[in-house]
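Per my numbering, residue 58 is the first one in the sequence shown, and the count goes up by one each step.
Inspection log for the structure reproduced underneath, given as C-alpha cells.
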Amino acid sequence: MVKRSIIKRLIKKNSPDNRLASILLAVAFYLAIVYLALFLLLGLSNPWGIVIMIFLAPSLISFIIATIFTGVGRKKANKNFLYTSIVFYIASIVLAYDPDWGVFRVVPILLTILVTVGTVMYKQDNEQDNK
58 MVKRSIIKRL IKKNSPDNRL ASILLAVAFY LAIVYLALFL LLGLSNPWGI VIMIFLAPSL
118 ISFIIATIFT GVGRKKANKN FLYTSIVFYI ASIVLAYDPD WGVFRVVPIL LTILVTVGTV
178 MYKQDNEQDN K
C-alpha cells in the first residue's frame, strides 16, 4: 500500500503536465542564483558598488527572500511558497525605486514572469485528481 502511494506520487510529480512548469521554475531559480552571485561579487569589488548595494538593499533583501521561497516551493512542490515568492519578486521591483536604476528591475521582472507562468501551469496533487 505504501509503495503504491509512493509510485503514484512520483508519477504525478513527473507527469507531462508539470514538466514545462518545472523547467520554468528551475530556470528562474538558477537565474536568480546567478544574478545574486554576480550582483554581490561586482558590488563588493569596489567602493561605488558597495554604495549602490546600500541603496538597493531593500530590493536585494526582497530578491533573496523570493529566491529562497522559489527554491523551497520548487523542491517541495508547494504552490503557496511559489505565490509568496511572486509577491517578494514584485516587492523587489518596487523597492528598486529610482527610475534611473531601471536596469536593476529587468532581472526581477523577468523572474517574476517566469515564476508566475511556472506557478500557474504547475498542478499539485489535489488539482491533478480533479481531472
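Glycine is no exception: its CB is placed at the ideal position from the N, C-alpha and C atoms.
Bounds of the alpha helix (DSSP H) holding residue 146 are 136-152. Taking a contact as a CB-CB distance under 8 angstroms, the pair residue 120 and residue 93 counts as one, their CB atoms being some 7 angstroms apart. If you look at residue 132, you'll find it in the alpha helix (DSSP H) that goes 114-133. Between residue 115 and residue 146, the C-beta gap is not smaller than 7 angstroms, which leaves the two residues out of contact.
The C-beta distance from residue 162 to residue 83 rounds to 23 angstroms, too long to fall under 8 angstroms, and the pair is not in contact. Counting along the chain, residue 175 sits inside the alpha helix (DSSP H) bounded by residues 160-178. In this structure, residue 78 sits near residue 179, with a CB-CB distance shorter than 7 angstroms.
Per the coordinates, the alpha-carbon of residue 155 lies some 17 angstroms from the alpha-carbon of residue 96. Relative to residue 133, the option among 181, 107, 80 whose CA is nearest is 181.
Taking 4 residues as the minimum length, the alpha helix (DSSP H) runs contained wholly in the segment 91-115 are 104-112, in order along the chain.
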